[in-house]
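A quick write-up on the structure given underneath.
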Amino acid sequence: MVPYVAVAITAVILSLVPLWIGDSRTLTGVAVSGLLFACYATAFNLIFGSTDQLFLAVGALAGVGAYTSAITSDRLSLPLPLTIILGMIVAMIISGLFSWIAVRRSLGIIFTGIVTLTFSLAFDNLLLGQRSLTGGETGMVIDAGKGAFFRGQIPPYYVFLTLLIGFLLAYVAIHRSRMGWAFRALRDDQLSAELSGVNVAKYRIYAGAIGGAMLGLSGALWAHVEGFISPATFTFVHVDVQVLVMLVFGGIGTLLGPVVGSAFFTYLGEVLASFSQLRLIVEGVLLIVLFLALPQGVVGAIVIGITRLRERRKGLP
Amino acid sequence: MAVLELVELEKHFGGLPAVDGVTFGFNDGEILAIVGPNGAGKSTLLKTIIGIHPATSGTIRFSGTDITKMSTHRIRKAGIAMVLQTPRIFGSLTVRENVVIGAMFGNPKGVSESDAYEEADEMLAVVGLSSKADLAIDKLNLHEQRYVDLARAIAGRPKLLLLDEVMAGLNDTETASSIELIRRLRDRHGVTVIWVEHVMKAVLSLAERIAVLDFGRLLTSGDPQVVMRDPKVVKAYLGGKALPDA
Amino acid sequence: MTAAILDGLVLGLQFGLLGVGLTIVYGMGGVLNLAYGAMAVASAIVVSVAMRSGLPAVPAVALGILTGAALSLLLNVTIMRPVYRRRGDQRVLLSILLTIGVAFIINGYLVWKLPIEALSLSIGGDAISILGVPMRVGSLLASAITILAGVGLILFFRRTTAGKAVRSVIQDEVGARLCGINPASVRMLIFTLSGAIAGLVAVTRSMTSPVPVSEGFSLTILALLVTVVGGLGSVKGAMLAGLILGVVNALSSFYIGSYITTIVLLVAAALTILLRPSGLFGEYT
Ligand SMILES: Nc1ncnc2c1ncn2[C@@H]1O[C@H](COP(=O)(O)OP(=O)(O)OP(=O)(O)O)[C@@H](O)[C@H]1O
Ligand SMILES: [Mg+2]
Chain A
60 MVPYVAVAIT AVILSLVPLW IGDSRTLTGV AVSGLLFACY ATAFNLIFGS TDQLFLAVGA
120 LAGVGAYTSA ITSDRLSLPL PLTIILGMIV AMIISGLFSW IAVRRSLGII FTGIVTLTFS
180 LAFDNLLLGQ RSLTGGETGM VIDAGKGAFF RGQIPPYYVF LTLLIGFLLA YVAIHRSRMG
240 WAFRALRDDQ LSAELSGVNV AKYRIYAGAI GGAMLGLSGA LWAHVEGFIS PATFTFVHVD
300 VQVLVMLVFG GIGTLLGPVV GSAFFTYLGE VLASFSQLRL IVEGVLLIVL FLALPQGVVG
360 AIVIGITRLR ERRKGLP
Chain B
213 MAVLELVELE KHFGGLPAVD GVTFGFNDGE ILAIVGPNGA GKSTLLKTII GIHPATSGTI
273 RFSGTDITKM STHRIRKAGI AMVLQTPRIF GSLTVRENVV IGAMFGNPKG VSESDAYEEA
333 DEMLAVVGLS SKADLAIDKL NLHEQRYVDL ARAIAGRPKL LLLDEVMAGL NDTETASSIE
393 LIRRLRDRHG VTVIWVEHVM KAVLSLAERI AVLDFGRLLT SGDPQVVMRD PKVVKAYLGG
453 KALPDA
Chain C
858 MTAAILDGLV LGLQFGLLGV GLTIVYGMGG VLNLAYGAMA VASAIVVSVA MRSGLPAVPA
918 VALGILTGAA LSLLLNVTIM RPVYRRRGDQ RVLLSILLTI GVAFIINGYL VWKLPIEALS
978 LSIGGDAISI LGVPMRVGSL LASAITILAG VGLILFFRRT TAGKAVRSVI QDEVGARLCG
1038 INPASVRMLI FTLSGAIAGL VAVTRSMTSP VPVSEGFSLT ILALLVTVVG GLGSVKGAML
1098 AGLILGVVNA LSSFYIGSYI TTIVLLVAAA LTILLRPSGL FGEYT
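As you go down the protein sequences, you meet chains A, B and C in turn. The numbers in the numbering used here rise by one with no breaks, and the one at position 146 of the first sequence is 205. The numbers in the numbering used here rise by one with no breaks, and the one at position 223 of the second sequence is 435. The numbers in the numbering used here rise by one with no breaks, and the one at position 29 of the third sequence is 886.
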């Protein structure tokens, strides 16, 4: 029950944010992008946090979803919901394929990271090169379905808030299911998990595919809500590095770690916006200090603290 | 009837044989001890049977089915479980949760979470750890950790249990309790036990049959008292000196 | 065709040496230094600033290489300490995250203070004809320095006591300890060497194309690819992988051109990893 309550509280807090930032368009934009990153980080948390697969293609997989959806709706005039589902499925297949390859070739953390990183870089180059289709570095404006679906009807903030809450609920549901037991076992000790009958390969691929679908969906929605995408939106430096930092800060493998991490860094970015050059330095210092001080992340440390407190209380007569 | 059959089983590491052409049949319901000097290939043999190491050549048949190429989790579901030489328990889970994993995934039929909990409690009762079910793993001593590992292995009711030196490092009381437990598992639950062990006293009091492995080959097998007095075995085992406990 | 291959070799030599600097650190302690490219750039920028303030080229370059070495040494005695207390995947992961932080700091500082600085060492003189292809003096000098450095490194690992100590630690840390070799001081040596190599590569690279402040990240990625293709921890492998990737790069940009070149390069790297996870040469030196 506790995780669902946590998600509900998160939903309430986040839905109050628009009251706090008011009408400011810039701030709203920042908040929406913060939610997008929370979605990315939650998906990444499922892949990396739950099954130890370091996918350095978070941005690229979101980009796959975004461009698939944008191109099929703009060029082929397919119905908008269908294109979004298409984007999600293509990203899911590619991501599942990564897991399959990593499992088949027994790639460890580093090699999985590097293979997916090469995909990110290649994808970025492909976007830049296929000008006629993607508009190259200038990006593409998505006209299809303008106003018909989201834009103008539901404020983008609530689109992504709904998405995030959906992801968090999915995360909780997965972790309370049989799959969650398998994840816990294989993360703890892969060999013991196999010896207990857990099909480690299968559950890794599930995590990869589900996380990939989440990323594709986030990217596709972003494309249509923003109405504009460019390769820079999905690069390794802009997305993956940030998402990794956010997740680690919040707490790898915790439910709310991704949310706390992205909220913190989004807020920090906003505070440091006026002297943007400092942002990188501050982030770097924070990363090092926090990592050494709180290796389990903020949420991880809180969870451990609460458990200790409970144990101590139980210990009293 | 042989529940497990090995035919010309070989396992090489980088060209060097660790298991070198073993052909053997394990009887249904027996407690068989595999003994042999360090590096004889005992652990490798067990790990090859359960699919942790893929066999280089040869065949493994379990209840008539060829399981040589199966992956470990499928073999486990098919009814073979193993306890490793050093207990490897899920450190972030409680004692009960460890066993739940075995109950949930170690069974060919899908087991629901609540059924798995029920089964886990039953298995913890079998090994006598019910009172420690909610503890974290690191609160347990080696002996108790082995029992958790064992409970996790017998959850899902495997037909065959592979045990690798589960009595190493235990004191006399603990050893006696382990012997009693393994015998009870066989008597009440009908599991076949293949058990690698160095502690001779335990072997002689529990094993019904002994197989001796040396340099990856099966030296001899048969009645414990007879086998352990076989000059061939004495020579392989202790370089000619007499066995201390036998 | 010959021209493309020669260009590829010039580039490949730089790739190779770049990879060597990263690979020795991995071979040594199983850690990755993702601030590697940032350190190379920092060295280049120091050279550039020193020369602008009137220092002659050679001492400026020496200063730059020293900067790389010093930064790397600093890294080793500070944040690498907790990293070495971990094992296996945990160790790699922590090294990745902490050095990303360091890269942020170095990049952030450079972009903040010297946003438009770039090192570009133009070496004068007429082009020299090699196999009928006119080659720029800068390219030749850069290649000569790289080859010298590469040979020097291999000799160092093979012939000198310190080099042998390094190899023994890599093969068997416990055994080396028993022989009286302290792994920690060997690590310090390797880290410093790695930083110096980063600085050197930045300098030689600037003889053929400018090294701007923003280059750090791409240099790290390039080094990572070379390292992995060559086999993590292998000096010879990194050199060879660098050459192969350099030639692949030049040939595909010559025949196919445009953005496909980079994709070919990346696919080549990914395929090598998948087909030979231990790299082209899965052992050290
Ligand atoms: N993963 C492995 N890779 C390479 N060689 C191995 C591996 N596992 C075992 N060996 C080798 O296979 C041989 C048999 O080892 P094994 O562990 O099976 O012996 P054992 O009979 O269980 O010994 P002990 O009584 O010490 O446990 C040894 O020579 C060992 O070095
Ligand atoms: Mg053994």
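Glycine included, every Cβ here is placed at the ideal spot set by N, Cα and C. Keep in mind that this is a model prediction, so the values were computed, not measured.
- The segment 961–979 of chain C and the segment 340–354 of chain A touch, with no fewer than 3 CB-CB distances between them shorter than 8 Å.
- With a threshold of 7 Å, the Cβ atom of B:ASN239 does not count as near ligand 1, since no heavy atom of the ligand is closer than that.
- Apart from sequence neighbours up to five positions away, the residues of its chain that approach C:SER952 with a beta-carbon distance below 6 Å are VAL888, LEU889 and VAL940, ordered along the chain.
- For the 8 Å CB-CB criterion, A:LEU346 and C:ILE957 form a contact.
- At a C-beta separation below 8 Å, C:VAL959 has these neighbours in chain A: GLY343 and ILE347.
- At least one CB atom of chain C sits nearer than 8 Å to the CB of A:GLY167.
- Under the three-state reduction of DSSP output, B:LEU244 falls in the strand class.
- With a threshold of 7 Å, the Cβ atom of B:ALA252 counts as near ligand 1, since some heavy atom of the ligand is closer than that.
- Beyond the five residues adjoining it in sequence on each side, B:HIS265 comes within less than 7 Å, by CB distance, of LYS223, THR256 and LYS259 in the same chain, given in chain order.
- With a cutoff of 7 Å, B:ASP376 counts as near ligand 2, since its C-beta is closer than that to a heavy atom of the ligand.
- The Cβ atoms of B:VAL311 and B:LYS344 lie no closer than 8 Å to each other.
- For the pair C:ALA901 and C:SER1063, the CB atoms are nearer than the 8 Å cut-off.
- Of the other Cβ atoms in all chains shown, 16 or more fall within 10 Å of the Cβ of B:ASP376; this residue is therefore buried.
- By the criterion of at least three beta-carbon pairs nearer than 8 Å, the segment 980–997 of chain C is in contact with the segment 1048–1067 of chain C.
- Counting along the chain, the unbroken alpha helix (DSSP H) around C:ASP946 starts and ends at 945–970.
- With a cut-off of 7 Å, the C-beta of B:THR298 is classified as distant from ligand 1, since no heavy atom of the ligand falls inside that distance.
- As summarised for the segment 164–206 of chain A, the continuous alpha helix (DSSP H) elements at least 4 residues long and confined to that stretch are 168–188 and 190–193, given in chain order.
- Of the residues assessed, C:ASN1039 falls on the exposed side of the cut-off, its CB having fewer than 16 other CB atoms within 10 angstroms.
- Put simply, of B:ALA419, B:LEU397, B:LEU418 and B:THR277 the residue whose alpha carbon is nearest the alpha carbon of B:MET335 is B:LEU397.
- No heavy atom of ligand 1 is found nearer than 7 Å to the CB of A:THR101.
- Only exposed fits A:TRP79, as fewer than 16 other CB atoms lie within 10 angstroms of its CB.
- At a cut-off of 8 Å between beta carbons, C:ILE962 contacts chain A.
- Taking 8 Å as the threshold, the shortest C-beta distance from B:ILE366 to chain A does not fall below it.
- The DSSP-derived three-state label of C:THR1017 is coil.
- The CB of B:ARG308 never comes closer than 7 Å to any CB in chain A; the least such distance is about 12 Å.
- A:MET273 sits in a helix when the DSSP states are folded into three classes.
- In the DSSP assignment, B:VAL231 is bridged to B:LYS223.
- At least one CB of chain A lies nearer than 8 Å to the CB of C:ASP946.
- Shortest gap from the CB of B:GLY248 to any heavy atom of ligand 1: under 7 Å.
- Here B:GLU217 carries a strand assignment [DSSP, helix/strand/coil].
- Nearest to A:GLY278 by C-alpha distance, out of A:THR193, A:GLY172, A:LEU120 and A:THR294, is A:LEU120.
- Taking 7 Å as the cut-off, the C-beta of B:ALA230 counts as close to a heavy atom of ligand 1.
- Taking all protein chains in view, the Cβ of B:GLN437 is surrounded by fewer than 16 other Cβ atoms within 10 Å, so the residue is classified as exposed.
- With a threshold of 7 Å, the Cβ atom of B:HIS224 does not count as near ligand 1, since no heavy atom of the ligand is closer than that.
- For the pair A:THR313 and A:GLY356, the CB atoms are nearer than the 8 Å cut-off.
- In this structure, the alpha-carbon of C:LEU1122 lies about 22 Å from that of C:THR1061.
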